[in-house]
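Below is one structure, written out as structure tokens; the observations come after it.
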Amino acid sequence: MHTVAVLSLKGGVGKTTVVLGLASAAMRKGARTLVVDLDPQCNATASLEPRSTTKGLSDVLADPTAETITQAVAPSSWGDDVDVLVGSEDAEVHNGQESGESRLNRLTEALSELTSRSPEEDAPYQLVLLDCPPSLGRLTRSALIAADRALLVTEPTIFAVSGVQRAFEAVQAERTTNNPRLQPLGVVVNRVRARSHEHQFRIEELRDIFGPLVMPVALPDRLAVQQAQGACVPLHQWGTPGAREVALALNLLLARALRAGRSRRARDEDEPERDAEDELDEA
157 MHTVAVLSLK
167 GGVGKTTVVL
177 GLASAAMRKG
187 ARTLVVDLDP
197 QCNATASLEP
207 RSTTKGLSDV
217 LADPTAETIT
227 QAVAPSSWGD
237 DVDVLVGSED
247 AEVHNGQESG
257 ESRLNRLTEA
267 LSELTSRSPE
277 EDAPYQLVLL
287 DCPPSLGRLT
297 RSALIAADRA
307 LLVTEPTIFA
317 VSGVQRAFEA
327 VQAERTTNNP
337 RLQPLGVVVN
347 RVRARSHEHQ
357 FRIEELRDIF
367 GPLVMPVALP
377 DRLAVQQAQG
387 ACVPLHQWGT
397 PGAREVALAL
407 NLLLARALRA
417 GRSRRARDED
427 EPERDAEDEL
437 DEA
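Under the numbering used here, the first residue of the sequence shown carries the number 157, and numbering increases by one thereafter.
Below, the structure is given as structure tokens:
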């Protein structure tokens with residue numbers, strides 16, 4: 157089970173759009189996926205339309221037991237390959253700035269219950285996507301502590317570039333203090349207009365800052381993305397030229413995420429003593 161936290165410390169850059177797009181790409185590939193909706197706005201939950209549950213994210217963070225997380229996870233309306241740990245508007249009560257270790261580890265404990273099966277059983281999910289709120293409170297920090305990789309989302313605008321810089325610093329801080337296995341998956345630039353000189357300037361600025369961490373493929377700005385979300389349909393099933401263009405970019409992004417998961421497992425098996433700094437240099 158490979159866990160990816162999707163974050164930005166600026167709202168409105170399309171973070172949830174990327175989560176939903178990756179879930180759609182994973183479903184097309186047949187990779188069973190769990191979307192964890194950590195944002196109290198619950199937009200991912202609304203778009204995935206899971207069946208009604210007796211528990212939600214707030215309950216899981218209050219009581220991270222197998223019984224609670226089972227009651228908080230439901231199949232999405234998309235199909236059997238995408239499940240949702242449903243969001244809770246009252247999850248904001250868990251988003252304070254206090255850094256108590258037990259509170260920060262509750263999401264990790266809950267997700268570990270998903271893998272606490274007998275050795276002969278398969279893990280229930282190949283990919284777990286953590287949709288973080290656009291702030292550095294306990295919810296986002298809990299996600300970074302639970303994740304194997306962090307995918308940073310930005311738009312090619314001046315304020316969004318600043319937000320992704322802060323997000324990268326947050327990843328580095330959690331990696332140093334709480335989660336040494338955490339690595340940056342990369343920076344994905346969303347809603348790009350190819351003919352915009354401002355967008356091209358900001359993309360070059362990002363490459364100057366983050367180098368090879370900037371994904372070689374950007375997500376183009378297409379109306380089809382909002383249309384598919386509004387209809388609660390996977391982007392890969394929307395079928396318009398714009399949807400197909402964005403879906404192709406998301407397929408490449410998913411391939412990088414899954415490849416990172418395989419390389420991590422290989423390192424865990426073959427080089428358990430490898431220094432985390434070497435891994436970050438390679439990333």
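Think of the CB as a built atom: it goes at the ideal place given N, C-alpha and C, for glycine as much as any other residue. All of these numbers come straight from a predicted model, not from anything done at the bench.
- Under the three-state reduction of DSSP output, Leu341 falls in the strand class.
- One Cα belongs to Ala374, the other to Val320, and the distance between them is close to 15 Å.
- Beyond the five residues adjoining it in sequence on each side, Gln385 comes within less than 6 Å, by CB distance, of Ser203 in the same chain, given in chain order.
- Taking 8 Å as the cut-off, the Cβ atoms of Val370 and Val169 do not count as close.
- When DSSP reads this structure, Pro206 sits in no beta bridge, so it has no partner.
- In its own chain, leaving out the 5 sequence neighbours on each side, no residue places its CB closer than 7 Å to the CB of Gln197.
- In the three-state reduction of the DSSP assignment, Arg305 falls in the strand class.
- Closest in alpha carbon position to Ala222, among Ala387, Ser268 and Ser318, is Ser268.
- In the structure shown, the three-state DSSP call for Ala161 is strand.
- Within its own chain, the residues whose Cβ lies closer than 6 Å to the Cβ of Leu176, once the five positions on either side in sequence are excluded, are Ser203, listed in chain order.
- Buried is the label assigned to Asp239, since at least 16 other Cβ atoms lie within 10 Å of its Cβ.
- Straight through space, the alpha carbons of Leu163 and Pro280 are spaced by roughly 24 Å.
- In the DSSP assignment, Leu362 falls within the alpha helix (DSSP H) that extends over His353 to Phe366.
- Around the Cβ of His353, a 10 Å sphere holds fewer than 16 other Cβ atoms; the residue is exposed.
- In this structure, the straight-line span from the alpha carbon of Leu391 to that of Ala179 is close to 9 Å.
- Asp236 and Arg184 have their C-alpha atoms spaced approximately 12 Å apart.
- In the three-state scheme derived from DSSP, where H, G and I count as helix and E and B as strand, Leu241 is classed as strand.
- Its chain contains Pro196 and Cys198 as the residues whose beta carbon lies nearer than 7 Å to that of Glu245, once the 5 sequence neighbours on both sides are disregarded; these appear in chain order.
- Non-local beta-carbon contacts of Val402 in its own chain, meaning distances under 8 Å to residues more than five positions away in sequence, involve Gly177, Leu375, Pro376, Arg378, Ala380, Val381 and Leu391 in chain order.
- Here Ser214 is buried: its Cβ has 16 or more other Cβ atoms, across all protein chains shown, within 10 Å.
- For Thr224, the three-state secondary structure derived from DSSP is helix.
- Rounded to the nearest angstrom, the gap between the Cα atoms of Arg259 and Glu311 is 31 Å.
- Ala200 and Leu362 have their C-alpha atoms roughly 27 Å apart.
- Leu409 is not bridged by DSSP to any residue.
- Glu330 and Arg297 do touch by the CB rule: their CB atoms are close to 6 Å apart, below 8 Å.
- Between Arg322 and Ala416, the alpha-carbon positions lie close to 23 Å from each other.
- Residue pairing from DSSP places Ala230 in a beta bridge opposite Val240.
- Look at Val192 here: in three-state DSSP terms it is strand.
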